[in-house]
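For reference, the structure is listed below as structure tokens.
Protein chains: 2
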Amino acid sequence: MGPDSSQDAQTVSQVGEFGLIDRVTTGREQPAGTLLGPGDDAAVLAAPDGRVVATTDVLVEQVHFRFDWSAPRQVGRKAVAVNLSDIAAMGAVPTGLLVGLACPPDSSTELVDELFGGMWEEAQAVGAGVVGGDVVSATALTISITALGDLQGREPVTRAGARPGDVVAVAGRLGWSAAGLAVLGRGFRSPVAVVGAHRVPEPPYAAGPLAAAGGATAMVDVSDGLLADLGHVAAASGVGIDVRTEQLDVPQRLLEVGSALGADARHWVLTGGEDQALAATFPAEAALPEGWRAIGAVTAGGGVVVDGAEYEGPSGWQHWR
Amino acid sequence: MGPDSSQDAQTVSQVGEFGLIDRVTTGREQPAGTLLGPGDDAAVLAAPDGRVVATTDVLVEQVHFRFDWSAPRQVGRKAVAVNLSDIAAMGAVPTGLLVGLACPPDSSTELVDELFGGMWEEAQAVGAGVVGGDVVSATALTISITALGDLQGREPVTRAGARPGDVVAVAGRLGWSAAGLAVLGRGFRSPVAVVGAHRVPEPPYAAGPLAAAGGATAMVDVSDGLLADLGHVAAASGVGIDVRTEQLDVPQRLLEVGSALGADARHWVLTGGEDQALAATFPAEAALPEGWRAIGAVTAGGGVVVDGAEYEGPSGWQHWR
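Just so you know, the protein sequences line up as chains Y and V, in that order.
Read in UniProt numbering, the first sequence has 104 at position 104, and its numbers run on one by one without any break.
Read in UniProt numbering, the second sequence has 190 at position 190, and its numbers run on one by one without any break.
Okay, here's the thing in structure tokens:
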């Protein structure tokens with residue numbers, strides 16, 4: 001429920017731009033690093049490291065989410081999660097979010113309240129706040145989020161530092177969101193474990209800074225699929241990556257869903273996007289930080305292979321392709 | 001023309017997400033403060049002040065701009081300008097921009113090249129770079145921009161510091177964009193001076209930091225109209241503002257256009273938005289910084305009046321109202 005549930009039958013055109021901004025900002029508790037929150041021309045955030053990490057992602061209704069498959073609060077959480085996991089993938093901790101919302105004038109204020117409620121939930125779980133934003137009218141509901149983060153003195157971990165001989169490791173879940181999407185696509189609403197994973201990912205936020213502190217040589221968040229995103233690391237680093245399926249856990253739950261749907265659960269793990277896991281490379285001699293598990297090795301050469309061979313199967317999802 | 005004009009007949013769906021990102025990032029020169037530019041999970045920007053100023057604005061085709069009235073390069077420049085002027089209004093200097101572009105799959109790559117070309121033009125004029133972004137497919141073209149800035153050791157100038165007795169001053173143009181919009185709305189394409197002002201504002205970027213250094217007590221950028229935006233200062237500061245028309249210059253060019261259209265040019269100056277002028281309050285004893293001119297006074301009480309009386313006429317533009 002919104003801050004004033006007696007007004008929940010209203011539309012955004014009825015409360016207007018400034019009324020809407022009031023609704024989504026009033027009564028929220030900003031973290032200490034928010035030196036100036038919403039309501040002015042711009043926000044001011046602490047950047048104690050002297051550098052700021054920044055990323056932006058845009059989510060469009062019917063392209064990235066559907067309200068018949070996800071509740072507005074879940075969409076809000078996911079929109080924030082995909083941005084925060086990019087911050088984590090640099091080895092940084094999130095500090096604040098800016099939210100641009102374009103929505104049809106007949107959208108209900110309750111929808112907007114729930115979207116922002118979800119955004120705040122996900123942000124506060126990592127100590128960040130929604131520090132600013134913009135709301136405008138449009139024909140399609142579009143959420144654009146910018147996340148900012150602080151490196152806390154660590155060097156950013158890019159995609160470009162992997163070296164032959166490094167260990168490839170992942171933190172977080174793989175394939176769960178793809179399994180949930182497959183279930184929803186068949187018209188089912190359960191098992192809840194995988195459908196819920198598609199609706200709201202659970203990025204291993206803390207694993208990013210841990211990897212940076214633990215000597216990770218390269219890191220990426222898995223948004224398009226493990227093989228596709230490791231492909232970015234391989235290309236940026238000028239190396240090859242060999243994923244070893246003997247090291248790659250395919251959870252029992254996914255095997256069951258795959259079996260029920262006649263689908264290959266391992267394929268979800270290798271290519272499914274949107275779980276916002278993290279993948280990183282570490283020196284072979286390094287002990288993997290908590291939450292990380294080895295799944296392969298960095299090799300000379302280029303590209304990503306599975307057990308030494310090119311992977312047969314559709315690759316990660318790409319816009320417009 | 002884009003970086004590869006031989007491909008200009010292509011659509012964004014033909015080049016795909018990653019092809020498009022390559023087109024709009026390749027060959028651009030980042031300023032020194034861009035420690036890590038586009039191509040990774042997130043960008044890293046210098047934040048030498050230890051604080052970062054951040055603002056976001058969303059522009060939707062047919063709501064905020066029309067391609068039959070503005071060229072894509074002009075839309076790109078304006079989209080960046082409205083964000084950078086928010087940074088200036090805090091007394092900060094811009095450091096970087098993140099761009100979210102949602103566009104239909106059949107958009108031409110030339111359109112996207114021109115949009116980003118305009119964004120870069122406007123950004124580089126103030127020493128900032130486009131450091132990151134996201135491109136996604138959508139039914140309507142939507143541009144969301146986040147601008148970041150550095151305070152260079154100054155305190156941010158909010159809307160809340162105006163005190164009775166302060167001088168109200170502005171920097172930059174007022175009413176020009178509204179005049180241009182009126183001309184375009186009548187089906188004309190000239191005079192170029194006002195039509196051009198509507199297509200691409202000329203925010204007085206440098207005046208923001210100058211005002212902060214010169215003791216401004218409150219500041220706002222004029223995006224919705226002078227009276228409307230001064231209203232935000234009055235409300236946030238708990239003061240009244242009296243705009244004195246004897247001090248308010250109505251340019252000869254606007255008088256001519258107003259006369260030709262049978263419109264009141266002074267009304268454009270008082271209520272026209274989108275010129276991205278800056279309005280600020282200064283202690284009465286302070287010398288106004290370069291580029292600033294006095295237009296009124298801060299009073300006890302509340303609200304904004306013109307020559308001591310409530311202004312009769314439509315107020316600034318608001319979404320959905």
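Ideal Cβ positions, reconstructed from N, Cα and C, are used throughout, including at glycine.
Just so it is clear, the structure is predicted and the values come from calculations on it, not from any experiment.
Euclidean distance between Cα positions of residue i and residue j
i         : j         : result
Val-131/V : Arg-66/Y  : 30 angstroms
Leu-288/V : Pro-164/V : 17 angstroms
Tyr-311/Y : Leu-270/Y : 9 angstroms
Leu-36/V  : Ala-162/Y : 17 angstroms
Gly-76/Y  : Glu-122/Y : 8 angstroms
Val-200/Y : Ala-81/Y  : 8 angstroms
Gly-273/Y : Ala-284/Y : 27 angstroms
Val-52/V  : Gly-308/Y : 46 angstroms
Glu-110/Y : Ala-286/V : 48 angstroms
Asp-57/V  : Asn-83/V  : 6 angstroms
Asp-86/Y  : Trp-69/Y  : 24 angstroms
Lys-78/V  : Ala-42/Y  : 18 angstroms
Leu-226/Y : Ala-89/Y  : 14 angstroms
Leu-184/Y : Glu-256/Y : 16 angstroms
Gly-187/V : Val-250/V : 24 angstroms
Val-12/V  : Leu-115/V : 13 angstroms
Leu-45/Y  : Gly-262/V : 47 angstroms
Ala-216/V : Asp-106/V : 48 angstroms
Thr-146/Y : Ser-259/V : 45 angstroms
Ala-169/Y : Pro-209/Y : 15 angstroms
Ser-6/V   : Val-136/V : Caution is warranted here: a pLDDT of 49 is assigned to Ser-6/V, below 50, making its placement in the model unreliable, and no coordinate value can be reported.
Short CB-CB distance (under 8 angstroms) between residue i and chain V
i             : result
Thr-139/Y     : yes
Pro-289/Y     : no
residue 325/Y : One cannot answer for residue 325/Y here, as it falls past the ends of chain Y, which runs 1 to 321.
Leu-210/Y     : no
Ala-43/Y      : yes
Leu-181/Y     : no
Leu-174/Y     : no
Val-298/Y     : no
residue 338/Y : Shown here, chain Y extends from 1 to 321; a query on residue 338/Y therefore has no answer.
Val-60/Y      : yes
CB contact below 8 angstroms: residue i versus chain Y
i         : result
Ile-87/V  : yes
Ser-144/V : yes
Met-90/V  : yes
Asp-221/V : yes
Pro-204/V : no
Val-126/V : no
Trp-320/V : Since pLDDT at Trp-320/V reaches only 43, below the 50 mark, its modelled position is unreliable, and the value read off the structure follows with that caveat. So yes, Trp-320/V belongs to the interface.
Beta-carbon neighbours of residue i, restricted to chain V and to distances below 8 angstroms
i        : result
Pro-48/Y : Gly-50
Sequence-distant residues of its chain with Cβ nearer than 7 angstroms to residue i (five each side left out)
i         : result
Gly-100/Y : Gly-133, Asp-134, Ser-144
Ala-218/V : Val-157, Thr-158, Arg-159, Ala-160, Gly-161, Ala-162, Val-233, Ser-237, Ala-280, Thr-281
Arg-173/V : Ala-197, Glu-202, Asp-275, Ala-277
Leu-248/V : Val-269, Ile-295
Ala-235/V : none
Interface residues of chain V facing residue i [CB-CB closer than 7 angstroms]
i             : result
Gly-132/Y     : Ala-54, Thr-55, Thr-56
Arg-159/Y     : Asp-40
residue 347/Y : Nothing about residue 347/Y can be read from this structure; chain Y reaches only from 1 to 321.
Residue i - partner residues in DSSP beta bridges
i         : result
Leu-278/V : Ala-171/V, Asp-221/V
Ile-143/Y : Leu-59/Y, Leu-101/Y
Thr-299/V : Gly-240/V
Ala-46/Y  : Arg-51/V
Ala-309/V : Val-306/V
Ala-207/Y : Answer is none; Ala-207/Y lacks a bridge partner.
Trp-11/Y  : One detail in the question is off: residue 11/Y reads as Thr in this sequence, not Trp. Its beta-bridge partners are Ser-108/Y.
Asp-150/V : Val-93/V
Ala-294/V : Ala-169/V
Contact set between residue i and chain V, taken where Cβ atoms lie within less than 9 angstroms
i         : result
Ala-197/Y : By Cβ distance, chain V contributes nothing, its closest Cβ being about 21 angstroms from Ala-197/Y, past 9 angstroms.
Proximal residues to residue i (C-beta, below 6 angstroms), its chain only, five neighbours per side dropped
i         : result
Ala-171/V : Pro-204, Ala-207, Leu-278, Gly-291, Trp-292
Trp-176/V : Val-194, Ala-197, Asp-275
Gly-117/Y : Arg-73
Other residues of its chain near residue i: CB distance less than 8 angstroms, five sequence neighbours each side excluded
i             : result
Ala-140/V     : Val-60, Glu-61, Gln-62, Ala-102, Pro-104
residue 371/Y : Nothing in the structure corresponds to residue 371/Y, since chain Y is present only between 1 and 321.
Pro-3/Y       : Confidence at Pro-3/Y is low in this model, with a pLDDT of 45, below 50, so the placement of that residue is unreliable and no value is reported for it.
Gln-30/V      : Gly-37, Gly-129, Val-131
Listed by chain order, chain Y residues near residue i by CB distance under 7 angstroms
i         : result
Pro-156/V : Leu-36, Val-44
Leu-226/V : Simply none; closest approach about 15 angstroms.
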